[in-house]
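Every position in the sequence shown, counted from 1, becomes a number in the numbering used here once 211 is added. Ideal placement from N, C-alpha and C gives every residue a C-beta, glycine not left out.
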Amino acid sequence: MKAAVLREVGKPLAVEEIGLEEPRTGEVLIKMAAAGVCHSDYHAMVGDIPAPTPVVLGHEGAGVVDAVGSGVTSVKPGDHVVMVWRYSCGTCEPCLTGRPATCVEGARMRRDGTLYDGTTRLHKAGERIHHFLGISTFSEYAVMSERSVLKIREDMPLAKAALVSCAVATGVGAVINAAKARPGESVAVFGAGGVGLNAVQGAALVGAEPIIAVDLIQGKLEMAKKFGATHLVNSSDEDPVARISEITGGSGAHYAIEAIGVAEVAAQAFKSLRIGGTAVMVGIDNPKATIPVPAVSLVLEEKRLVGSLYGSSPPRLEVPRLLELYMSGKLNLDDLLSRSYPLAQINEAYDALLRGEVARSVIDFSQ
Ligand SMILES: NC(=O)c1ccc[n+]([C@@H]2O[C@H](COP(=O)([O-])OP(=O)(O)OC[C@H]3O[C@@H](n4cnc5c(N)ncnc54)[C@H](O)[C@@H]3O)[C@@H](O)[C@H]2O)c1
Ligand SMILES: [Zn+2]
Ligand SMILES: [Zn+2]
Numbered sequence: 212m213k214a215a216v217l218r219e220v221g222k223p224l225a226v227e228e229i230g231l232e233e234p235r236t237g238e239v240l241i242k243m244a245a246a247g248v249c250h251s252d253y254h255a256m257v258g259d260i261p262a263p264t265p266v267v268l269g270h271e272g273a274g275v276v277d278a279v280g281s282g283v284t285s286v287k288p289g290d291h292v293v294m295v296w297r298y299s300c301g302t303c304e305p306c307l308t309g310r311p312a313t314c315v316e317g318a319r320m321r322r323d324g325t326l327y328d329g330t331t332r333l334h335k336a337g338e339r340i341h342h343f344l345g346i347s348t349f350s351e352y353a354v355m356s357e358r359s360v361l362k363i364r365e366d367m368p369l370a371k372a373a374l375v376s377c378a379v380a381t382g383v384g385a386v387i388n389a390a391k392a393r394p395g396e397s398v399a400v401f402g403a404g405g406v407g408l409n410a411v412q413g414a415a416l417v418g419a420e421p422i423i424a425v426d427l428i429q430g431k432l433e434m435a436k437k438f439g440a441t442h443l444v445n446s447s448d449e450d451p452v453a454r455i456s457e458i459t460g461g462s463g464a465h466y467a468i469e470a471i472g473v474a475e476v477a478a479q480a481f482k483s484l485r486i487g488g489t490a491v492m493v494g495i496d497n498p499k500a501t502i503p504v505p506a507v508s509l510v511l512e513e514k515r516l517v518g519s520l521y522g523s524s525p526p527r528l529e530v531p532r533l534l535e536l537y538m539s540g541k542l543n544l545d546d547l548l549s550r551s552y553p554l555a556q557i558n559e560a561y562d563a564l565l566r567g568e569v570a571r572s573v574i575d576f577s578q
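Structure follows, in structure tokens:
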């Protein structure tokens, strides 16, 4: 089968013929339909997210179950599924306290580039190839734990379902679960990419007002309008902190979401808050980055700076709800899916992401 392999940090992905073993106990074989082109995979390509190489990247996806290993009960061949990119064991403290996205076993699998049992199913001529986040969606077929998939209804278009499995769950969740924005409260979103546009959309879903989108690229800001942004701030030609203050009548925003992955922008998000406001860091910067915020604001103004992984709610709970919102016409995925590329053009898809040309694109395995 063909897969996009990262052989070395800093190099483009290589689309190669590689081998895949049968699913073992508790595992499933998925025929991939679509894989989302998320910035997080790019972070792995450039080393900001450390991942053992060689590795098949990709973590946002949807497909059809092709075969199941022994003991699998939640899905059967022919079922349509979306991927859940953080394995959760169900028994560690984060899992037991309702935060399965921070599961310690899932974190181990990310670090080691393996499936749950510490081994890989991917190889090429005797060489071991790693998994990414226990799933590796940039591949025609993928073997993963049954805990890494979620059965979905068959009338849900698979390419759009794929986007819900990362960008939508993350962006909407940052606003509704991490910030907990309420109707009439103000939300500023820094970064109008796949995740940020969904933070804008999450703010619109809860009836926030105003909803301020900040980006360096005017085209991205125009996209944000379609998801409910009421004000657009181009931070390449104006200071977003001053502009957010002005839009909110001098008070600052109730909530500010950083959906880029730049620590300095998280500091801007924090500075754009009103008294008692909360800034949510969703973007992923390199492991050495630190966020400089005025310490006294945390105390005297009770401002908060929090992080949000995978929407800060169990994805197995949230993803099906978001899919239903799309099916009932209350969630905009149609403007989110800008383009689809064949796997052979995955590097071009990332170039387009970096140039800010797309809201979100997918690798379409039928092309
Ligand atoms: N926390 C999580 O669970 C989670 C999940 C998915 C993605 N992420 C992270 O979220 C971030 C965004 O991902 P994405 O796929 O939406 O990326 P993207 O490339 O689609 O979007 C990033 C946007 O930020 C804008 N931007 C870049 N620098 C800027 C700056 N200095 N000021 C204002 N705007 C700027 C770009 O123009 C672009 O529109 C990445 O860091 C990604 O790794 C986190
Ligand atoms: Zn766990
Ligand atoms: Zn992602």
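Shown here, ILE455 sits in a helix according to DSSP, grouped into three states.
Using a cutoff of 8 angstroms, the CB of THR302 does not count as near ligand 3, since none of the ligand's heavy atoms is closer than that.
Counting of Cβ neighbours within 10 angstroms places ILE229 among the buried residues, the total reaching 16 or more. By the C-beta density criterion, GLU219 is exposed, having fewer than 16 other C-beta atoms within 10 angstroms. These are the residues, in chain order, with a beta carbon less than 6 angstroms from any non-hydrogen atom of ligand 3: CYS249, SER251, HIS270, GLU271, CYS377. Contact annotation: the region 249-264 does not touch the region 226-241, with fewer than three C-beta pairs closer than 8 angstroms. Taking the CA atoms as reference points, GLU513 sits about 7 angstroms from GLY488.
Rounded to the nearest angstrom, the gap between the Cα atoms of GLY337 and VAL266 is 14 angstroms. At least 9 angstroms separates the beta-carbon of ALA467 from that of ILE502.
In this model, GLY329 and MET320 are separated by some 7 angstroms (Cα to Cα). Taking a cut-off of 8 angstroms for Cβ pairs, the region 512-530 and the region 384-398 touch, as three or more such pairs fall below it. Here PRO288 is exposed, its C-beta having fewer than 16 other C-beta atoms within 10 Å. The shortest CA-to-CA distance from LEU408 to any of ALA380, SER397, SER483 is the one to ALA380. Two segments are said to touch when three or more pairs of C-beta atoms, one from each, lie closer than 8 angstroms; by this definition the region 432-449 touches the region 408-419.
If you draw a straight line from the Cα of VAL275 to the Cα of GLU365, it comes to about 10 angstroms. Relative to ligand 1, even the nearest heavy atom lies 8 angstroms or more away from the CB of ARG485.
When rounded, the separation of the alpha-carbon atoms in VAL257 and ILE458 is 37 angstroms. If the five residues before and after ALA440 are omitted, its C-beta is found closer than 6 angstroms to the C-beta atoms of VAL411, ILE422, ALA424, all from its own chain and listed in chain order. Bounds of any beta strand (DSSP E) do not take in ALA385, whose DSSP letter is neither H nor E.
When DSSP states are grouped into helix, strand and coil, THR325 belongs to the coil group. By the neighbour-count definition (other C-beta atoms within 10 Å, threshold 16), ASP562 is an exposed residue.
Within the region 412-466, complete beta strand (DSSP E) segments of at least 3 residues are found at 422-426, 442-445, given in chain order. Between ILE471 and GLY402, the gap from beta carbon to beta carbon is short of 9 angstroms. In the structure shown, LEU224 falls within a coil segment according to DSSP collapsed to helix, strand and coil. In this chain, the alpha helix (DSSP H) harbouring LEU565 covers 557-565. Between ligand 2 and the CB of GLU357, the shortest heavy atom gap is not smaller than 8 angstroms. The Cβ atoms of PRO531 and ILE363 lie closer than 9 angstroms to each other. Under the 8 angstroms Cβ criterion, the region 346-365 does not count as touching the region 491-501, having fewer than three qualifying pairs. Around ASP290, the same chain offers VAL275, VAL276, LYS362 as residues with beta carbons nearer than 8 angstroms, after the five sequence neighbours per side are excluded. Nearest to ALA245 by C-alpha distance, out of ALA278, PRO263, VAL293, is VAL293. The shortest C-alpha to C-alpha distance from VAL452 to any of LEU427, ILE428, PHE481 is the one to PHE481.
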